[in-house]
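The next block holds one structure in the form of structure tokens; read it before the comments.
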Amino acid sequence: MEDRRKSRSRSIIEKAYEKPYQLRSSHKYPATRSSKRLRRGSSGTRTSRYSDEKCIRSKKRSQHDSRRSTDRKTSRDLSCSRTSHSTSCNNNNNNNTQRRCSKKSSPTRHDSTSSKIKNDEEGHLVYRVGDRLHERRYKIYGLLGEGTFGKVLECHDRKHDRQVAIKIIKNKKKYREAAKLEIEVFKQLRKNDPDGKHNCIKCYGTFRHGGHVCLIFPKLGKSVFEFMKDNDYQPYTLKQVQHIAYQLLDSVCFLHKIKLTHTDLKPENMLFVNSSSRSIWSENARQNIKILDHCDVQLIDFGSATFEHEHHSRIVSTRHYRAPEVILELGWSYPCDVWSCGCIIFELYTGDALFRTHDNLEHLAMMERILGKLPKKMMKASDKQKYFRDGVLDWDEKDHNGQFVKTNCVPLRETFNSDDRRATEELYHLVDRLLTYTPEDRLTAKEALSHPFFSEDISARKK
Numbered sequence: 001m002e003d004r005r006k007s008r009s010r011s012i013i014e015k016a017y018e019k020p021y022q023l024r025s026s027h028k029y030p031a032t033r034s035s036k037r038l039r040r041g042s043s044g045t046r047t048s049r050y051s052d053e054k055c056i057r058s059k060k061r062s063q064h065d066s067r068r069s070t071d072r073k074t075s076r077d078l079s080c081s082r083t084s085h086s087t088s089c090n091n092n093n094n095n096n097t098q099r100r101c102s103k104k105s106s107p108t109r110h111d112s113t114s115s116k117i118k119n120d121e122e123g124h125l126v127y128r129v130g131d132r133l134h135e136r137r138y139k140i141y142g143l144l145g146e147g148t149f150g151k152v153l154e155c156h157d158r159k160h161d162r163q164v165a166i167k168i169i170k171n172k173k174k175y176r177e178a179a180k181l182e183i184e185v186f187k188q189l190r191k192n193d194p195d196g197k198h199n200c201i202k203c204y205g206t207f208r209h210g211g212h213v214c215l216i217f218p219k220l221g222k223s224v225f226e227f228m229k230d231n232d233y234q235p236y237t238l239k240q241v242q243h244i245a246y247q248l249l250d251s252v253c254f255l256h257k258i259k260l261t262h263t264d265l266k267p268e269n270m271l272f273v274n275s276s277s278r279s280i281w282s283e284n285a286r287q288n289i290k291i292l293d294h295c296d297v298q299l300i301d302f303g304s305a306t307f308e309h310e311h312h313s314r315i316v317s318t319r320h321y322r323a324p325e326v327i328l329e330l331g332w333s334y335p336c337d338v339w340s341c342g343c344i345i346f347e348l349y350t351g352d353a354l355f356r357t358h359d360n361l362e363h364l365a366m367m368e369r370i371l372g373k374l375p376k377k378m379m380k381a382s383d384k385q386k387y388f389r390d391g392v393l394d395w396d397e398k399d400h401n402g403q404f405v406k407t408n409c410v411p412l413r414e415t416f417n418s419d420d421r422r423a424t425e426e427l428y429h430l431v432d433r434l435l436t437y438t439p440e441d442r443l444t445a446k447e448a449l450s451h452p453f454f455s456e457d458i459s460a461r462k463k
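Going by the UniProt record's numbering, the residue at position 58 of the sequence shown is 58; the numbering climbs one at a time, nothing skipped.
Here you go:
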């Protein structure tokens, strides 16, 4: 009798652990770019550090951001009420005694460290808002972003009473190995810039959560791209362009000084320290636009950063910011970062991406339309001769794609116009030098910092 009752009690407890739940999250993070201005196409993110993105160019205007987070995976609910069961047994040979079955408690709902750590089929950590990490020190508030590497969660650091962003790497060997390289990069950044003067994000520390490597960062504001998207892709003011561009080039100059190439510079990887803003009416835009209160930025995402002595992948950089030497597979070094800076600064000034494509040949055609003909020596040195015929780019301007490039791409000089002609002329000259085809003739980041565009505060000039 007693054995049957115990067996029944265990059965009740086991069933309580089998109730599934659906993960809930109110946070969605964009994974690709799109805009009503033909900005990106329907899918424009890198698929991995060692492979080119595989995506389809979209030329249709869209009023909505196409980036959508995937549905959250289901997991099992580890929350159940404590079960207790008391029995009384009569023993003919002994006095009546009362026995109480011991209470079996389930893991605490919000303590992921006390329960079995779960991953989805891609290796992402399965979590819920309110779960705690690293000996219950970090409480999960929600999702900030995700990518091939893993997810970034907003958490509260109970020890220091501050908000942090924790990058949780996928529970896969290749991503753990890549995380080790990124951690080494942060060690070098801390060693060479302990005070953070060069605007590279600081890594507070790391810890392991099951098979996941976790990196802890300060919680910053919106990215340069996200703020622009939320502002209906209105460009930044000339003064803001000057301030943001200088910080970007200073960060890149520092990285190159310590023999490091970032390889993935883009507006998404530049975060405002504080993205608070005010709204004003713009006569040019004929609508209210947001004006930043502060323009201080920090450079993030060093997962693809490569030291000079390390293996250099064949393809680097997100498509829209990729240098011609990378497309033509001529080898790359620090100048590929400088090219990306030129593309970014153009985007800050115009609100639009300079090269809106996902195809190599079309990308090269856009370059020629905007910047002039590719140098003969670069074409001859490339193994990608399929892009050329009789010493010129094999591109038909009369077909549909050719007409698109002809219509949507104009020479760089025609884009730069402003009431402040002097500053605009200086900005054009800077971008033009950053986008020089041949890497050896391109400005270095250090040289760019001394460019006349940065020589004085634009807002202090008399117009």
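All C-beta atoms, glycine included, are put in the ideal place defined by N, C-alpha and C.
Report the option in L328, T436, G147, D390 whose CA atom is closest to the CA atom of R314. Residue 314 sits at position 314 when you count from the first residue of the sequence shown. Among L328, T436, G147, D390, the Cα nearest to that of R314 is on L328.
C409 by DSSP, collapsed to three states: which one? Numbered from 1 along the sequence shown, position 409 holds the residue referred to as residue 409. DSSP places C409 in coil when its eight states are reduced to three.
Selection from M367, F302, H320 that minimises the alpha carbon distance to S340: Residue numbering aside, residue 340 sits at position 340 when the sequence shown is read from its first letter. Ranking the options by Cα distance to S340, first place goes to H320.
Just to confirm, are D250 and H198 a CB contact at a threshold of 8 Å? Reading the sequence shown from its first residue, position 250 is the one you call residue 250. Reading the sequence shown from its first residue, position 198 is the one you call residue 198. Yes, they are a contact pair.
Per DSSP, cross-strand counterpart(s) of S277: As a first step, residue 277 is located in the sequence shown; it is residue number 277 there, counting from the start. Looking at the DSSP assignment, S277 forms a beta bridge with L292.
Cβ contact check for the segment 324 to 338 and the segment 285 to 295: 3 or more pairs under 8 Å: Contact fails: fewer than three Cβ-Cβ distances are below 8 Å.
Run through the DSSP bridge pairs and tell me what I344 is partnered with. Looking up residue 344 in the sequence shown gives position 344. Residue pairing from DSSP leaves I344 without any beta-bridge partner.
Beta-carbon contacts of M378 that lie in its chain and below 8 Å, excluding the five residues immediately before and after: Residue 378 sits at position 378 when you count from the first residue of the sequence shown. For M378, the CB contacts under 8 Å within the same chain, skipping 5 residues up- and downstream, are P324, E325, L328, L330, Y437, T438 in chain order.
Of the residues D195, T306, R158, V405, the one placed nearest H256, counting alpha carbons only: Indexing the sequence shown from 1 puts residue 256 at position 256. Residue nearest to H256 within the set D195, T306, R158, V405 is T306 (criterion: CA-CA distance).
Tell me T306's beta-bridge partners as DSSP assigns them. The residue labelled residue 306 in the question sits at position 306 within the sequence shown. T261.
From residue 464 to P411, what distance separates their C-alpha atoms? The question about residue 464 has no answer here: the residues shown for the chain are numbered 1 through 463.
Suppose you measure from the CA of L181 to the CA of Q188; what does that come to, to the nearest Å? By one-based count along the sequence shown, residue 181 stands at place 181. By one-based count along the sequence shown, residue 188 stands at place 188. Straight through space, the alpha carbons of Q188 and L181 are spaced by roughly 11 Å.
By the three-class DSSP mapping on this structure, what secondary structure does P267 have? On the sequence shown, position 267 is the one that residue 267 refers to. Taken through DSSP and simplified to helix, strand or coil, P267 comes out as helix.
Considering A365, what are the terminal residues of the alpha helix (DSSP H) in which it resides? Walking along the sequence shown from the start, residue 365 turns up at place 365. According to the DSSP assignment, A365 belongs to the alpha helix (DSSP H) that extends over 360 to 371.
Could you have a look at E182 and say whether DSSP puts it in helix, strand or coil? Taking the first residue of the sequence shown as 1, we reach residue 182 at position 182. In the three-state reduction of the DSSP assignment, E182 falls in the helix class, which pools H, G and I.
Among T350, V392, K386, N231, which has the Cα closest to the Cα of L374? Here residue 374 corresponds to residue number 374 of the sequence shown, with the count starting at 1. Out of T350, V392, K386, N231, V392 has the C-alpha closest to the C-alpha of L374.
Span of the alpha helix (DSSP H), counted from its first residue to its last, around H429: Taking the sequence shown and counting its residues from 1, one reaches residue 429 at position 429. Per DSSP, the continuous alpha helix (DSSP H) segment holding H429 begins and ends at 421 to 434.
Taking 8 Å as the limit between beta carbons, can you name the residues of its chain near V297, skipping five residues before and five after? Position 297 of the sequence shown, counted from the start, is the residue given in the question as residue 297. Within the same chain, V297 has close Cβ partners N199, V224, I244, Q247, L248, M270, L271, F272, V273.
E121, buried or exposed, once every other Cβ within 10 Å from all chains shown has been counted against 16: Position 121 of the sequence shown, counted from the start, is the residue given in the question as residue 121. E121 should be labelled exposed.
Where do the N-terminal and C-terminal ends of the beta strand (DSSP E) with L354 fall, by residue? As a first step, residue 354 is located in the sequence shown; it is residue number 354 there, counting from the start. Where L354 is concerned, there is no enclosing beta strand (DSSP E), given that its DSSP letter is neither H nor E.
Under three-state DSSP, which class holds Q298? Start at 1 with the first residue of the sequence shown, and residue 298 comes out as number 298. Three-state result, Q298: strand.
What does DSSP give as the partner residues of L153 in its beta bridges? Along the sequence shown, one-based indexing puts residue 153 at 153. DSSP lists L143, I166 as the bridge partner or partners of L153.
Look at the Cβ atom of T350, then the Cβ atom of P452, and state whether they are nearer than 8 Å. Along the sequence shown, read from residue 1 onward, the residue named residue 350 stands at position 350. Along the sequence shown, read from residue 1 onward, the residue named residue 452 stands at position 452. No; because the gap between Cβ atoms is not below 8 Å, this pair is not in contact.
F346 and V431 closer than 8 Å at C-beta: If you number the sequence shown from 1, residue 346 lands on position 346. If you number the sequence shown from 1, residue 431 lands on position 431. For F346 and V431, yes; Cβs fall inside 8 Å.
In the DSSP output, what is C336 paired with across the bridge? As a first step, residue 336 must be located in the sequence shown, where it is residue number 336. DSSP output for C336 lists no bridge partner at all.
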